[in-house]
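J.:
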Ligand SMILES: [Mg+2]
Ligand SMILES: [Zn+2]
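Protein chains in written order, with my numbering: chain A, 7 to 491; chain B, 736 to 1210; chain C, 10 to 101.
(1) Does the CB of residue 340 (chain A) have a neighbour CB from chain B at under 7 Å?
(2) Can you tell me whether residue 819 (chain B) is helix, strand or coil according to DSSP?
(3) For chain E, find out if any of its Cβ atoms is closer than 7 Å to the Cβ of residue 828 (chain B); answer yes or no.
(4) Tell me, which residues are paired with residue 175 (chain A) by DSSP?
(5) Please tell me whether, using a cut-off of 6 Å, the distance from the CB of residue 1092 (chain B) to the nearest non-hydrogen atom of ligand 1 is below it.
(6) Answer yes if the stretch 172-182 of chain A comes into contact with the stretch 263-279 of chain A, meaning at least three C-beta pairs across the two stretches below 8 Å, and no otherwise.
(7) Grab the span of the alpha helix (DSSP H) containing residue 961 (chain B) for me, first residue to last.
(8) Between residue 143 (chain A) and the rest of its own chain, which residues show a CB-CB distance below 7 Å, the 5 nearest in sequence each way excluded?
(9) Give me the subset of the stretch 75-90 of chain C whose CB atoms are less than 8 Å from a CB atom of chain A, sorted by chain position.
(10) Does the count of Cβ pairs from the stretch 1023-1039 of chain B and the stretch 978-988 of chain B closer than 8 Å reach three?
(11) So, is residue 151 (chain A) buried or exposed, given that buried needs 16 or more other C-beta atoms within 10 angstroms?
(12) Using only alpha-carbon positions, find the residue among A:341, A:290, A:371, A:35 that is nearest to residue 77 (chain A).
(13) Can you tell me whether residue 987 (chain B) is helix, strand or coil according to DSSP?
(14) Do residue 92 (chain C) and residue 388 (chain A) have their C-beta atoms closer together than 7 Å?
(15) Quick check: residue 305 (chain A) and residue 49 (chain C), are their CB atoms within less than 7 Å of each other?
(16) What's the call for residue 808 (chain B), buried or exposed, on a 16-neighbour Cβ count within 10 Å?
(17) Would residue 171 (chain C) pass as an interface residue toward chain B - the criterion being a Cβ-Cβ separation below 7 Å?
(18) Along chain C, which residues have their Cβ under 9 Å away from the Cβ of residue 758 (chain B)?
(19) Give me the Cβ distance between residue 80 (chain C) and residue 775 (chain B), rounded to the nearest whole Å; I'm assuming they're in contact under 8 Å.
(20) What are the boundary residues of the alpha helix (DSSP H) that residue 159 (chain A) is part of?
(21) What residue range does the alpha helix (DSSP H) around residue 1012 (chain B) cover?
(22) Could you name the residues of the same chain whose beta carbon sits closer than 8 Å to that of residue 1056 (chain B), not counting the 5 residues immediately before and after it, in chain order?
(23) Classify residue 813 (chain B) as buried or exposed, calling it buried when 16 or more other Cβ atoms lie within 10 Å of its own Cβ.
(24) To the nearest whole angstrom, what separates the beta carbons of residue 400 (chain A) and residue 222 (chain A), a pair I think is in contact under 8 Å?
(25) Under the criterion of a Cβ to heavy atom distance below 6 Å, does residue 887 (chain B) qualify as lining ligand 1?
(26) I'd like the list of long-range same chain contacts for residue 71 (chain A), defined as Cβ closer than 6 Å, with 5 residues on each side in sequence excluded.
(27) Could you run through the stretch 854-881 of chain B and flag, in chain order, every residue whose CB is less than 8 Å away from some CB of chain C?
(28) Hey, how far is the Cα of residue 787 (chain B) from the Cα of residue 206 (chain A)?
(29) Please tell me whether residue 320 (chain A) has its Cβ less than 7 Å away from any Cβ of chain B.
(30) Go ahead and label residue 282 (chain A) buried or exposed: buried means 16 or more other beta carbons lie within 10 angstroms of its beta carbon, across all protein chains shown.
(31) Can you grab the Cα-Cα spacing for the pair residue 228 (chain A) / residue 1010 (chain B), in whole Å?
(32) With contact counted as at least three CB pairs below 8 Å, one residue from each stretch, are the stretch 818-838 of chain B and the stretch 854-872 of chain B in contact?
(33) Name the one or two DSSP bridge partners that residue 844 (chain B) has.
(34) Using a threshold of 7 Å, state whether the C-beta atoms of residue 37 (chain A) and residue 491 (chain A) are closer than that.
(35) Verify the CB distance criterion: does residue 750 (chain B) have a CB-CB separation below 7 Å to chain A?
(36) May I ask which residues mark the beginning and end of the beta strand (DSSP E) holding residue 401 (chain A)?
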């Protein structure tokens, strides 16, 4: 049984009240957040208020939904009305949105109990959570290691069970990579299946919100809840593939699981071994493993960085000290105020990506970089379509390595960019991908594997993931932290 | 200016921004109403709060298509929205959502009265920016106008004189008002022009270096600014200098243009497809549906008045200047023998009561077109004479009542041949002096005799017929 | 080749200050990233046509007024405001 179902049972059977449960989560946050730095804003009062509503419902004997009263967290780039939302950037300090992200509206309507907002790389730009203005989040398996990024805070909190689940966002791997590093489950849904309204944009054509959970069941429950068509998002399609939870236990006998050789290039041996072992598990479950080539993957990383930075340079132009957020103290005239505000308000990595994005869009370079990258994006989309003619899901590593030590990522930007090599193709092609734990390396750090599906094929990849979880449950390990349910 | 050896030709192209009269903004549900307390027509979307997303107003696309069809443009099968990136406090997202790579309307033209066609490059849709108020060096920002839909009509550099420029703007204004997509009020900013201007020696094929005068908001200022800029460029070239390609602002007070360029404004808009908005595919059926909705346009209407109704060109132009007048005229003409009579009543008596241009545009007249139609038909059938009709129309305009309220059965009797003969005989007999004068060559004396007939017939007699009859009697 | 002038120019367009002493190192690091991005120029073909990521078209809203927010709400997060306007003072 997943954590959400378990909590649901506890509340329904009055084993504990929602208030008691919420308090124990808040207590654990109090105890461990100093070390984990998962939360950047703890909203205890709001959480207890929401818990009280649920308790009143239960006391009246009313039915409660699966997500009702379950303590959870949101990445700090999801807009929450009246609650500070900073993207972990100095430039948004003090900003309290006057509207809710659609996903938060949905969950709040289901009486979700939000414990607080969680840490992330500044504007989701990073793979270690260390570009956060508030400092990075720690890995629950070993706090000397990073939690990954950019949704490092959510992964750290969920991995340490100081939140039952959380929502992150994934632009180039920002849900799957930290989930992989923290030994938990992260689902990046198909582009358009979850509304982006209220998600503070990094790269609009790549961003997608998804769940970070400790089990495949939970990922499935949360995905089913948040995957809705939204009027406010022109790129929204909603849950085209249908609900996933009831299909988790479908037989996967005869399912064709593809492995693209390029995905295994340059991957550390321990990771590669774990993936091949997972393939064996699938074979034993009656699935068929097919190998194939996906040469277009070679260009995925530069294509990703060109497109993401181009969009980011435009999306981040609005932080000018006029309407919200940080504003410089001393300046002379409007232009000077804007430049100083931005130079003081953004961190190094954000500035680097804004400059790169400006460069690839600027006169004389647009064709060579941005336009070319868009064309290659088309090529990558087509290669995936072709690949799915011969397999149902693709199995790949989530990250070529396990969580690195703190401070390692900051030195060389390009080496850090390479961390994303296995995750970005999914964003470029708009496909769904789920990362689940598939073992541990010699140092006891978790390894993650990725299942990539066809467009709106969430049900299929979650089904395959669930079957694996059933067969190799020992890889889904709890840490020493947090609430013991 | 001195004596120039070379004559210079003016070459100009226009970028005309027109605010669309949709109820709501282009990407959110806020009202487009003009004015209002600052920042009260705003929401998270139009002030560009982080995380908000645009959603395109369907009506904006339809209005832009109507505009395109009205100027003979072609509707693109695939149109896309792009971002134009520049950072300025009136632009809440630091980019304007506009169109560059795949605009909605391609080509088209505006035909001038001299027969020249000013070709259009394209028309695109985009959002307006907010308003900045500069006071004591501080800047106050109001986003009420931010996100109001605009079309931008981009012409080719086909304009060759200030008169052509003036007529081009007037024609656009007239057509856009006809189709009802904008009020095109330059003084309120719902129509604004950027004027590109260059000069070249007459006969030269090559274009000179152009400058762009931004944000012109009256036709007179456009004319003045163009005149100044033409002279400036010619003088510059004559004195051995070179025109620099730059953006200029026109100062109304001094009547001069000056450069807007500064290092801060270094512009490279880095246009790229807006990833938050999807492709627009306009079906051919929808285009035809909209085409069918277009009213008869002023140029065609004017031609029809001249060719089919035999109106003088000048009358036709006056009647087609505003859509309401032309519709009034069309209705009043229904089934009448002489449209010219209807035109005369409108241009003469009714225009005297709608003095200003805005009165004419609204054309709120006490007499309905149907009432005017009835009056003209009485005239047509010979039941009343012109003088009586004129006097009656004045009374109708005063009161809003129909012609029959002021004309008795008796008035409408008309007079037959015999009665006319009697009246004429009577006039000749009772005015021997006038008869003698006429006979001795004073042509004018006949007027007194005719006047006598008219008076005694209480205006019902036909003056021309009476004159002929009298001449017969004394001739 | 990324030049110092390129970096100065894109910094201006990006509305970011680059202190004189950081210009050289930033130029170098930009060059490295651009070299990395240049890998796409080894791509064999011109590529496939790409529209938007989920091939949607004609997503519109109807032209219906939704009540706007109050100016207090709109200005709530403004670092500075006056007379219901966002305010940028010239000098502080
Ligand atoms: Mg424009
Ligand atoms: Zn709005």
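The beta-carbon is built from N, C-alpha and C at its ideal position, and this holds for glycine as well.
T.: For this structure:
(1) By 1-based counting over the first chain, the position of residue 340 (chain A) is 334. Yes, contact with chain B.
(2) As a working mapping, residue 819 (chain B) is identified with position 84 in the second chain. Residue 819 (chain B): strand per DSSP, three-state reduction.
(3) Although the question refers to chain E, the structure presented lacks it and instead comprises the protein chains A, B and C.
(4) Indexing the first chain from 1 puts residue 175 (chain A) at position 169. Answer is A:215.
(5) Mapped onto the second chain, residue 1092 (chain B) falls at position 357. Flag unset: Cβ of residue 1092 (chain B) not near ligand 1.
(6) no
(7) If you number the second chain from 1, residue 961 (chain B) lands on position 226. Segment 954-973, the alpha helix (DSSP H) holding residue 961 (chain B).
(8) Taking the first residue of the first chain as 1, we reach residue 143 (chain A) at position 137. Only 42, 43, 44, 125, 135, 153, 158, 159, 162 meet the Cβ criterion.
(9) 78, 82, 83, 85, 86, 87, 88, 89
(10) no
(11) Taking the first chain and counting its residues from 1, the one referred to as residue 151 (chain A) is at position 145. Buried: at least 16 other Cβ atoms inside 10 Å.
(12) Along the first chain, one-based indexing puts residue 77 (chain A) at 71. Checked all of A:341, A:290, A:371, A:35; the closest Cα to residue 77 (chain A) is A:35.
(13) Locating residue 987 (chain B) in the second chain gives position 252, where the first residue counts as 1. Under the three-state reduction of DSSP output, residue 987 (chain B) falls in the coil class, being neither helix nor strand.
(14) In the third chain, residue 92 (chain C) corresponds to position 83, counting from 1. In the first chain, residue 388 (chain A) corresponds to position 382, counting from 1. For residue 92 (chain C) and residue 388 (chain A), no; Cβs fall outside 7 Å.
(15) One-based indexing of the first chain puts residue 305 (chain A) at position 299. One-based indexing of the third chain puts residue 49 (chain C) at position 40. Result yes, Cβ atoms of residue 305 (chain A) and residue 49 (chain C) sit closer than 7 Å.
(16) One-based indexing of the second chain puts residue 808 (chain B) at position 73. Counting Cβ neighbours within 10 Å, residue 808 (chain B) comes out buried, since at least 16 surround it.
(17) Lying outside 10 to 101, the shown extent of chain C, residue 171 (chain C) is not represented and no answer is given.
(18) Here residue 758 (chain B) refers to the residue found at position 23 when the second chain is read from its first residue. What residue 758 (chain B) touches in chain C: 72, 73, 74.
(19) Locating residue 80 (chain C) in the third chain gives position 71, counting from the first residue. Locating residue 775 (chain B) in the second chain gives position 40, counting from the first residue. So it is a contact: roughly 5 Å between Cβ atoms.
(20) Within the first chain, residue 159 (chain A) is the residue found at index 153, counting from 1. It spans 158-165 - the alpha helix (DSSP H) in which residue 159 (chain A) sits, taken as one unbroken run.
(21) Along the second chain, read from residue 1 onward, the residue named residue 1012 (chain B) stands at position 277. No alpha helix (DSSP H) contains residue 1012 (chain B), which DSSP labels as neither H nor E.
(22) As a position in the second chain, residue 1056 (chain B) is number 321, starting the count at 1. Around residue 1056 (chain B): 909, 1033, 1095.
(23) Mapped onto the second chain, residue 813 (chain B) falls at position 78. Residue 813 (chain B) should be labelled exposed.
(24) Counting from 1 along the first chain, the entry for residue 400 (chain A) is found at position 394. Counting from 1 along the first chain, the entry for residue 222 (chain A) is found at position 216. So it is not a contact: roughly 17 Å between Cβ atoms.
(25) Sequence index remark: in the second chain, residue 887 (chain B) carries index 152 (1-based). Placement of the Cβ of residue 887 (chain B) at a distance of less than 6 Å from at least one heavy atom of ligand 1 is found.
(26) Position 65 of the first chain, counting from 1, holds the residue named residue 71 (chain A). Counting only Cβ-Cβ distances below 6 Å, and skipping sequence neighbours, we find 116.
(27) 868, 871, 872, 873, 874, 875, 876, 877, 878
(28) Locating residue 787 (chain B) in the second chain gives position 52, where the first residue counts as 1. Locating residue 206 (chain A) in the first chain gives position 200, where the first residue counts as 1. Spanning the two alpha carbons is a distance of roughly 8 Å.
(29) Here residue 320 (chain A) corresponds to residue number 314 of the first chain, with the count starting at 1. Chain B, which has a Cβ nearer than 7 Å to the Cβ of residue 320 (chain A), makes this yes.
(30) For the purposes of this step, residue 282 (chain A) is taken as residue 276 along the first chain, with counting starting at 1. Exposure of residue 282 (chain A) is indicated by the presence of fewer than 16 other C-beta atoms within 10 angstroms of its C-beta.
(31) In the first chain, residue 228 (chain A) corresponds to position 222, counting from 1. In the second chain, residue 1010 (chain B) corresponds to position 275, counting from 1. Cα-Cα distance, rounded: 26 Å.
(32) yes
(33) As a first step, residue 844 (chain B) must be located in the second chain, where it is residue number 109. The secondary-structure analysis by DSSP pairs residue 844 (chain B) across a beta bridge with B:854.
(34) As a position in the first chain, residue 37 (chain A) is number 31, starting the count at 1. As a position in the first chain, residue 491 (chain A) is number 485, starting the count at 1. Their beta carbons are not under 7 Å apart, which means residue 37 (chain A) does not touch residue 491 (chain A) by this criterion.
(35) Within the second chain, numbered from 1, the residue matching residue 750 (chain B) stands at position 15. No, no contact with chain A.
(36) For the purposes of this step, residue 401 (chain A) is taken as residue 395 along the first chain, with counting starting at 1. 399-403 is the extent of the beta strand (DSSP E) around residue 401 (chain A).
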